[in-house]
Amino acid sequence: MPRVDVNIMGQAYSMLCADGEERALREAAIYLDSKMKAIRDAGKVKGNDRIAVLAALGVAAEFLSVKSPQGPLSELSILEVKQKIAAMHTVLDTALTPQENLF
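Here the sequence shown is numbered in numbering that gives the first Met the number 0, starting from 0 and rising by one per residue.
Structure follows, in structure tokens:
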């Protein structure tokens with residue numbers, strides 16, 4: 000298994016992948032890095048864990064809308080999906096804020 004080194008939000012990661020999947024893994028890392036940096040640069044979200052969760056939700060929403068035209072997001076516009084993600088962000092903020100005080 001080949002080892003692939005990627006960088007996401009300034010953090011280096013080294014991981015194994017199946018033969019022939021190196022390029023896809025690098026492209027996925029670049030895509031995730033761009034999504035996370037866009038969220039960070041918007042200035043509304045602090046903490047890499049929150050940024051990662053929001054980026055994951057956004058990527059999952061994109062994936063589900065492409066994967067299944069009749070899926071849970073098929074009837075929603077991009078604006079509505081963004082509004083749902085913003086609502087999830089509010090819920091995550093509420094849930095994670097008390098935990099920040101523990102550290």
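Glycine is no exception: its CB is placed at the ideal position from the N, C-alpha and C atoms.
In this text, all values refer to a predicted model and were calculated from it rather than measured experimentally.
For Ser33, the enclosing alpha helix (DSSP H) covers residues 21-41. Counting along the chain, the unbroken beta strand (DSSP E) around Ala11 starts and ends at 10-15. Taking the C-beta atoms as reference points, Arg22 is found no nearer than 8 angstroms to Val5. If you ignore the 5 residues before and after Asp32, its C-beta comes within less than 6 angstroms of the C-beta of Ile7, all in its own chain and listed in chain order.
Taking C-beta atoms as the reference points, Met0 and Ala27 fail to come closer than 8 angstroms. When only Cα atoms are considered, Met87 and Ser64 end up about 17 angstroms apart. Going by beta carbons, Val58 and Ile50 fall outside the 8 angstroms limit.
Linking Ala41 to Leu53 through their CA atoms gives a straight-line distance of about 12 angstroms.
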